[in-house]
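Residue numbers (our numbering): 351 to 553. Note that beta-carbon positions come from the ideal geometry of N, C-alpha and C, so glycine has one too.
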């Protein structure tokens, strides 16, 4: 009877040890798997994209933007001049075309930092050498707007020169009205006489 108990205890005791070993191995493998799984998904997080800050002067320097800006200024000036010339007695219907030599140039405030470094050294032969390095850097001056955006501080705007003006009016058949249109255009735009052309409008 005692021998049977010893036999059963050996069998079940060995099984328990085996179960414990299997359990420990399984837990170890599970831990390794979780670590590997976590690191894999950790590497899949979206990386922040590089942002490029473009100042307003740089954006305005693009050919497409500059062209559209020039066309907008030409249309604006032409419509204003049409309204003004149309108020002259006897002019009738009038159309104006204005060509500008470029677009409005905006100048922005810049903080300039200048530096100077002087290096005085002697070589082994006793000769003295003095080197002066000059450095200069600029930073655009900005202010924070109502919505939190940074806006560059503009110092001044330089308007482009008028390349030419064409005025087509019904009343231009009358030399007196034509002269008035010519003089009014020259005064309003401050343009040289040879850049102005006034012609009668087709009936």
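Return helix, strand or coil for residue i, following the three-state DSSP convention.
i: residue 481; result: strand
i: residue 392; result: Note that residue 392 scores 44 on pLDDT, short of 50, meaning its location in the model is unreliable and no value can be drawn from it.
If you measure between the beta carbons of residue i and residue j, is that distance less than 8 Å?
i: residue 431; j: residue 537; result: no
i: residue 512; j: residue 539; result: yes
i: residue 552; j: residue 519; result: no
i: residue 458; j: residue 493; result: no
i: residue 517; j: residue 545; result: no
i: residue 481; j: residue 452; result: no
Whole angstroms are fine: how far does the CA of residue j sit from the CA of residue i?
i: residue 476; j: residue 469; result: 16 Å
i: residue 525; j: residue 442; result: 14 Å
i: residue 500; j: residue 490; result: 11 Å
i: residue 424; j: residue 547; result: 16 Å
i: residue 510; j: residue 415; result: 16 Å
i: residue 485; j: residue 462; result: 10 Å
i: residue 447; j: residue 438; result: 18 Å
i: residue 549; j: residue 523; result: 8 Å
i: residue 435; j: residue 460; result: 42 Å
i: residue 454; j: residue 505; result: 13 Å
i: residue 428; j: residue 498; result: 36 Å
i: residue 533; j: residue 542; result: 11 Å
i: residue 529; j: residue 521; result: 10 Å
i: residue 465; j: residue 422; result: 42 Å
Can you check the segment 462-548 for any alpha helix (DSSP H) of at least 4 residues that lies completely inside it and give the ranges in chain order? 525-539
Complete runs of the beta strand (DSSP E) confined to the segment 410-460 [at least 3 residues]: 444-451 and 455-458
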